[in-house]
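Novice: Chains as they are written, first to last, in this note's numbering: chain A, 5 to 264; chain B, 21 to 667.
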Amino acid sequence: MTRPGNILLGVKDISLRFGGVRALTDVSFDIHEGEIFAIIGPNGAGKSSMLNCINGFYHPQEGTITFRGQQRRRMRPYEAAAQGISRTFQNIALFRGMTTLENVMTGRMLKMQASFVEQALYLGRGKREEVAHREKVEEVIDFLEIQSIRKTPVGRLPYGLQKRVELARALAAEPELLLLDEPMAGMNVEEKEDMCRFVLSTNHELGTTIALIEHDMGVVMDLSDRVVVLDYGKKLAEGTPDEIRGNQEVIDAYLGVSHD
Amino acid sequence: MAGAIVDIEQYDTFPKLLRYNAEHRASVAAVREKDLGIWQTWTWADFRDAVRRLAGGMKALGLKRGEKIAIVGDNRPRLYFAMSAAQSLGAVPVPVYQDAVAEEMRFVLDHAEVAFIVAEDQEQVDKVLSQKEHLPALRTIVYDDPRGMRDYDEPFLHAYDDVVSMGQESGWDEEVDLGKGSDTAIILYTSGTTGTPKGVVLSYDNLLICAKIGADFEQLREDEVVLAYLPMAWVGDNVLSYCQAHLVGFSFACPESPETVPHDLRELGPTYFFAPPRVFENLLTQVTIRMEDAAALKRRLFRFFMTVAERAGADLLEGHKVGLADRLLYRLGDILVYGPLKNVLGLSRLRIGYTAGEAIGPEIFRFFRSLGINLKQLYGQTEASVFVTIQANDDVRSDSVGPPAPGVELRITDEGEVLYRSPGVFQEYYKNSEATAETKTNDGWVHTGDAGVIDDDGHLRIIDRAKDVGRLVNGTLFAPKYLENKLKFYPNIREAVTFGHEQDFVTAMINIDMEAVGNWAEKRNIPYSSYQELAARPEVLDIVEGHVSEFNESLAADPQFAGSQIHRFIVLHKMLDADDGELTRTQKVRRRFISERYAPAIDALYGGEGRIVLETPVTFEDGRSGTITGDLAIRDARIAGGERAAA
């Protein structure tokens with residue numbers, strides 16, 4: 005079900021090189037508001053590089069990225085985050101010694117205005133902000149059903165839950181565009197189903213646009229509104245899951261045989 | 021206020037009691053719930069207002085006196101409000117087990133001719149909608165949590181908030197006045213170990229008289245704190261939370277989510293608490309595991325003071341004489357070990373703790389009592405509005421369920437079945453006069469279906485289900501549940517099913533406890549990736565074999581049961597599960613079902629084989645099904661002496 009929406013993020017003719025290695029070559033696609041957009045391809049196809057370009061971690065040598073109609077200048081990841089792009093990582097990047105609550109709270113960092121002193125002394129603006137942000141964080145905790153691990157240090161949690169905490173932190177930033185780098189990697193079936201449910205309800209309930217990289221084709225085909233296929237840094241195909249599924253080139257090259 | 025329980029002749033329904041409490045305890049807490057990390061409180065006045073508004077909306081939607089209204093979901097204040105609103109309009113609430121799959125739910129909803137349903141969330145609504153075409157009487161569904169419900173446009177679906185704003189508050193008092201004690205208060209469907217569920221019809225009189233007997237017996241006070249965390253469809257939650265709170269005026273709290281119950285327990289510190297033995301078993305297992313991981317000094321401190329507690333704790337609790345040295349040591353232990361431990365478990369303030377439903381392991385029971393926690397046993401049934409027997413504070417034993425509760429008469433038939441008669445005895449099974457006649461005699465005695473004995477001091481001991489008690493070929497008494505419970509007292513054994521009726525000897529199928537055995541395996545660097553793999557490890561089988569042999573030895577000492585020693589056993593490759601129909605929703609084994617499904621395993625246990633390949637169907641959490649295949653070793657256990665003599 006493709007929902008026609010305005011273009012939220014436009015990627016045009018992006019090329020990224022590391023020395024002589026061409027990670028991405030002339031890749032173009034658009035992500036529309038409110039859709040779930042998947043980037044697939046075999047290992048080394050340039051998927052994570054693409055996400056890193058979108059959230060400002062890499063700076064492509066050629067091409068432009070347009071976000072909310074504005075062409076982006078060279079920027080840093082925190083600037084992208086401040087504009088409404090948050091992400092999760094392929095290898096979980098949480099503060100392992102901190103609790104779930106504290107980790108999710110860090111997702112609100114960019115929205116805090118109070119000075120260090122105000123925060124340290126828990127006075128005035130510092131206190132008001134803490135309360136307001138905590139409320140938002142609690143809503144996210146409720147949304148992702150992680151109340152029972154609120155005070156548990158993240159390092160003690162099973163992998164699947166850590167992934168969920170990472171998603172919570174990304175959601176706490178109230179992003180317009182959420183980038184998920186292999187959200188289901190290494191999960192068992194039950195954990196995957198939970199994660200799918202949360203990705204879908206994030207999209208439906210919060211209206212967040214989602215771009216995800218995923219290797220589990222079943223998940224990709226079920227979740228996504230549209231899919232782009234990369235191979236050796238080049239775009240091979242783009243379309244709805246059905247179109248991708250029926251694309252002989254894609255089938256031959258990556259899926260081997262049809263998933264079903 | 022203590023002891024000032026209102027006159028239940030005058031306030032003979034829960035809505036009337038609600039109105040009384042709202043007037044006399046307007047600012048006293050009635051219901052709490054943790055939401056977004058903070059405990060929210062409704063006073064009795066808030067409670068009444070919420071109920072009055074909801075009742076107005078339900079009336080506007082056409083709920084009529086005598087109609088049935090199902091309530092499906094976890095313990096949430098709004099679901100209790102719905103129960104109360106329905107009762108105030110003279111409708112009959114039918115709480116349904118929230119984790120039942122759609123087809124199970126359909127039976128109850130259809131049988132009770134439910135016209136209204138109040139569901140907690142999308143998950144429950146989806147289940148109901150999937151069965152809607154089979155439910156001709158169903159007119160309206162109300163849901164509490166709007167999450168995920170945006171795209172639902174069925175005209176008969178209403179959000180709770182919308183319903184509240186639909187009606188008028190006026191007229192509520194008149195509706196409440198129409199209710200009387202002999203009206204049906206609720207229909208509770210028993211999960212039933214066999215056959216289809218039966219709807220137990222309870223009147224306000226049944227519930228209120230029983231609630232009062234319990235409250236008087238325990239001298240419940242207005243300041244009790246209760247956690248309502250067991251299913252609303254279960255009579256215990258209804259009586260111990262909802263009914264007694266109305267009667268005594270104390271508050272009950274709903275947990276934030278089913279997973280947070282241990283945290284919520286700790287934050288609340290309940291004074292009056294019910295938990296099935298399983299919960300106490302899990303608590304003890306956790307304590308043991310965590311103490312094993314603790315530093316050496318802490319471990320030694322714990323061991324030392326637990327020996328002191330074992331020696332003196334229970335006596336101190338019951339007010340018996342204890343030597344000065346032990347009394348001082350116990351005090352010290354309370355500061356260093358028992359106090360902090362009770363605090364972590366959330367049991368610091370507990371005045372009355374009940375356990376029932378199954379037998380509790382004597383050492384588990386003793387452990388909690390020696391900490392100074394007043395844990396007691398009772399024996400109850402939905403058909404009795406809970407209380408049949410109950411232990412008094414100064415007369416607690418681990419092997420009995422206590423003497424009859426006030427107002428209850430007890431007797432044992434020649435076949436060993438326990439019968440009782442009390443003011444709490446149910447009216448009938450809804451639309452099932454045949455079952456009613458089978459269970460309830462004309463003069464009010466109820467067949468419990470349990471086999472038991474009454475000791476010389478008047479305490480009742482339950483040994484098994486009456487119909488499950490069988491005989492070996494040589495005539496020896498075979499009481500499977502008694503044996504299984506005894507096995508389950510080993511922390512490593514989670515579940516056991518024994519066989520022996522009309523056989524030459526007794527055999528068992530066993531589930532290990534994943535947490536306890538898993539921890540043990542990790543300590544020894546024994547790798548495993550799943551229950552199935554762990555359960556098949558020879559090291560694990562050795563442990564279980566050790567337990568079974570030890571179990572046999574202790575049976576040999578009891579002439580009644582010496583002939584019931586377990587000769588052969590297997591450790592199953594999957595957990596017995598309610599989703600697969602092997603356990604009931606209250607986690608009791610479905611014996612007949614299991615013996616059909618596992619027939620090849622039973623044949624192998626009685627044949628001479630050393631191994632068996634077993635294929636069993638499973639249902640996954642999302643409702644899909646598949647099969648699990650396992651190659652299981654059959655082990656022989658050591659038989660202790662004395663059996664031949666007994667046989």
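Here a beta-carbon is modelled for each residue, glycine too, at the ideal position from N, C-alpha and C. As the structure is a prediction and not an experimental result, all values here were calculated from the model.
(1) On the three-pair Cβ rule with 8 Å, is the region 48-67 of chain B touching the region 266-285 of chain B?
(2) Name the residues in the region 154-168 of chain B whose C-beta lies less than 7 Å from a C-beta of chain A; which are they?
(3) Have a look at B/Arg655 and B/Tyr548 and give me their C-alpha separation to the nearest angstrom.
(4) Quick one: residues in its chain with C-beta nearer than 8 Å to the C-beta of B/His587, no 5 flanking neighbours on either side, listed in chain order?
(5) Using the three-state DSSP reduction, which class does B/Val416 fall into: helix, strand or coil?
(6) Give the interface partners of A/Glu149 over in chain B, defined as CB-CB distance under 9 Å, in chain order.
(7) Between A/Arg160 and chain B, is the shortest Cβ-Cβ distance under 8 Å, so that the two count as touching?
(8) Looking at C-alpha atoms only, which residue of B/Ile590, B/Tyr292, B/Asn572, B/Leu37 is the closest neighbour of B/Lys506?
(9) So with Cβ pairs under 8 Å, would you call B/Leu56 a contact of chain A?
(10) Determine the contact status of B/Gly422 and B/Leu439, defining contact as a CB-CB distance below 8 Å.
(11) State buried or exposed for B/Ala665, treating a residue as buried only when at least 16 other CB atoms are found within 10 Å of its CB.
(12) Quick check: the Cα distance between A/Asn10 and A/Glu37, rounded to an integer number of angstroms?
(13) Among B/Lys200, B/Val145, B/Ile89, which residue has its Cα nearest to the Cα of B/Asp173?
(14) Among the residues of its own chain, which have a CB less than 8 Å from the CB of B/Asp354, if the five just before and after it don't count?
(15) To which residues does DSSP link B/Gly62 through a beta bridge?
(16) Measuring CA to CA, which of A/Val141, A/Gly50, A/Glu170, A/Ser205 is closest to B/Arg170?
(17) Determine the contact status of B/Val568 and B/Phe581, defining contact as a CB-CB distance below 8 Å.
(18) Residues of chain B with CB under 9 Å from A/Glu142, in chain order?
(19) Going along the chain, which residues of its own chain have a beta-carbon closer than 6 Å to the beta-carbon of A/Gly14, five neighbours each way excluded?
(20) To the nearest angstrom, report how far apart B/Ser202 and B/Ser223 are at their CA atoms.
(21) Roughly how many angstroms lie between the CA atoms of B/Ala46 and B/Leu99, to the nearest whole one?
(22) Mind listing which residues of the region 629-641 of chain B have their C-beta closer than 7 Å to chain A's C-betas, in chain order?
(23) For A/His208, name the three-state secondary structure that DSSP assigns.
(24) Check the Cβ of A/Asp146 against every Cβ in chain B and list those closer than 7 Å, keeping chain order.
(25) What separation, rounded to the nearest whole angstrom, lies between the Cα atoms of B/Leu288 and B/Ser368?
(26) Going by other Cβ atoms of all chains shown within 10 Å of its Cβ, with 16 needed for buried, is B/Ser390 buried or exposed?
(27) Looking at chain A, which residues of the region 339-352 of chain B have a Cβ within less than 8 Å of any of its Cβ atoms?
(28) Starting from the Cα of A/Tyr82, find the closest Cα among A/Glu253, A/Pro64, A/Thr110 and give me that residue.
(29) For B/His283, which residues in chain A fall below 9 Å Cβ to Cβ?
(30) Could you tell me whether any Cβ in chain B is nearer than 8 Å to the Cβ of A/Glu139?
(31) Please list, in chain order, the residues of the region 191-209 of chain A that have any C-beta partner in chain B closer than 7 Å.
(32) Can you tell me whether DSSP reads B/Asp6 as helix, strand or coil?
(33) Helix, strand or coil for B/Gly566 per DSSP?
(34) Using only the alpha-carbon positions, how far apart do A/Pro245 and B/Thr639 sit?
(35) Which of the three DSSP states, helix, strand or coil, is assigned to B/Glu429?
(36) Use the C-beta contact count for B/Ser185: other C-beta atoms within 10 angstroms, 16 or more gives buried, fewer gives exposed.
Specialist: For this structure:
(1) Cβ pair count under 8 Å is three or more, so yes.
(2) The residues in question are Arg167, Gly168.
(3) For the purposes of this step, residue 655 of chain B is identified with residue 635 of the second sequence, where counting begins at 1. For the purposes of this step, residue 548 of chain B is identified with residue 528 of the second sequence, where counting begins at 1. A straight-line Cα-Cα distance of about 21 Å links B/Arg655 and B/Tyr548.
(4) Looking up residue 587 of chain B in the second sequence gives position 567. Result list for B/His587: Phe525, Val526, Thr527, Asp656, Ala657, Ile659, in chain order.
(5) Locating residue 416 of chain B in the second sequence gives position 396, counting from the first residue. The answer is coil: DSSP assigns B/Val416 none of H, G, I, E or B.
(6) Translated into positions along the first sequence, residue 149 of chain A becomes position 145. Neighbourhood of A/Glu149 in chain B, by CB distance below 9 Å: Ser277, Glu279, in chain order.
(7) The sequence position of residue 160 of chain A within the first sequence is 156, counting from 1. Under the Cβ criterion of 8 Å, A/Arg160 is not counted among the residues facing chain B.
(8) Here residue 506 of chain B refers to the residue found at position 486 when the second sequence is read from its first residue. Of the listed residues, the one whose Cα sits closest to B/Lys506 is B/Asn572.
(9) Counted from its first residue, the second sequence places residue 56 of chain B at position 36. For B/Leu56, a Cβ of chain A is located within less than 8 Å of the residue's own Cβ.
(10) Translated into positions along the second sequence, residue 422 of chain B becomes position 402. Translated into positions along the second sequence, residue 439 of chain B becomes position 419. Their beta carbons are not under 8 Å apart, which means B/Gly422 does not touch B/Leu439 by this criterion.
(11) Position 645 of the second sequence, counted from the start, is the residue given in the question as residue 665 of chain B. Below a pLDDT of 50, predicted positions are generally treated as unreliable, and B/Ala665, at 40, falls in that range; no measurement from the model is reported.
(12) In the first sequence, the residue the question calls residue 10 of chain A occupies position 6. In the first sequence, the residue the question calls residue 37 of chain A occupies position 33. Counting only the Cα atoms, A/Glu37 lies some 6 Å from A/Asn10.
(13) Against the second sequence, residue 173 of chain B aligns to sequence position 153. Among B/Lys200, B/Val145, B/Ile89, the Cα nearest to that of B/Asp173 is on B/Val145.
(14) As a working note, residue 354 of chain B is residue 334 in the second sequence. Listed in chain order, the non-local C-beta contacts of B/Asp354 below 8 Å within the same chain comprise Gly392, local neighbours out to five positions each way being set aside.
(15) Residue mapping note: residue 62 of chain B aligns to position 42 of the second sequence, counting from 1. Residue 62 of chain B is actually Trp in this sequence, not Gly. Beta-bridge pairing links B/Trp62 to B/Val51.
(16) Here residue 170 of chain B refers to the residue found at position 150 of the second sequence. Answer by Cα proximity: A/Ser205.
(17) In the second sequence, the residue the question calls residue 568 of chain B occupies position 548. In the second sequence, the residue the question calls residue 581 of chain B occupies position 561. No; because the gap between Cβ atoms is not below 8 Å, this pair is not in contact.
(18) For the purposes of this step, residue 142 of chain A is identified with residue 138 of the first sequence, where counting begins at 1. In chain order: Asp55, Leu56, Gly57, Ile58.
(19) By 1-based counting over the first sequence, the position of residue 14 of chain A is 10. The residues Asp34, Thr70, in chain order, have a CB closer than 6 Å to that of A/Gly14 in the same chain once the five nearest residues on each side in sequence are set aside.
(20) Position 182 of the second sequence, counted from the first residue, corresponds to residue 202 of chain B. Position 203 of the second sequence, counted from the first residue, corresponds to residue 223 of chain B. Here the alpha carbons of B/Ser223 and B/Ser202 stand approximately 6 Å from one another.
(21) Sequence index remark: in the second sequence, residue 46 of chain B carries index 26 (1-based). Sequence index remark: in the second sequence, residue 99 of chain B carries index 79 (1-based). Their backbone Cα atoms lie some 21 Å apart in a straight line.
(22) Hits within the stretch, in order: Glu641.
(23) Residue 208 of chain A sits at position 204 when you count from the first residue of the first sequence. Residue state for A/His208 is assigned as helix, using DSSP reduced to three classes.
(24) For the purposes of this step, residue 146 of chain A is taken as residue 142 along the first sequence, with counting starting at 1. Those are Leu56, listed as they occur along chain B.
(25) For the purposes of this step, residue 288 of chain B is taken as the residue at position 268 of the second sequence. For the purposes of this step, residue 368 of chain B is taken as the residue at position 348 of the second sequence. Rounded to the nearest angstrom, the two C-alpha atoms are 10 Å apart.
(26) One-based indexing of the second sequence puts residue 390 of chain B at position 370. With 16 or more Cβ atoms within 10 Å of its Cβ, B/Ser390 is classed as buried.
(27) For chain A, none of the residues of the region 339-352 of chain B brings a beta carbon within less than 8 Å of one of its beta carbons.
(28) Taking the first residue of the first sequence as 1, we reach residue 82 of chain A at position 78. Nearest of A/Glu253, A/Pro64, A/Thr110 to A/Tyr82, Cα basis: A/Thr110.
(29) Taking the first residue of the second sequence as position 1, residue 283 of chain B is located at position 263. Against chain A, the beta carbon of B/His283 has neighbours under 9 Å at Gln151, Ser152, Arg154, Lys155, listed in chain order.
(30) Taking the first sequence and counting its residues from 1, the one referred to as residue 139 of chain A is at position 135. Cβ-Cβ to chain B under 8 Å: yes for A/Glu139.
(31) Result list: Glu194, Glu197, Ser205, Glu209.
(32) Only positions 21 to 667 of chain B appear in the structure, and residue 6 of chain B is not among them; the question remains open.
(33) By 1-based counting over the second sequence, the position of residue 566 of chain B is 546. In this structure, B/Gly566 counts as helix in the three-state DSSP scheme.
(34) As a first step, residue 245 of chain A must be located in the first sequence, where it is residue number 241. As a first step, residue 639 of chain B must be located in the second sequence, where it is residue number 619. Straight through space, the alpha carbons of B/Thr639 and A/Pro245 are spaced by roughly 29 Å.
(35) Walking along the second sequence from the start, residue 429 of chain B turns up at place 409. Three-state DSSP puts B/Glu429 in a strand.
(36) Against the second sequence, residue 185 of chain B aligns to sequence position 165. The residue in question, B/Ser185, is exposed, as its Cβ has fewer than 16 Cβ neighbours within 10 Å.
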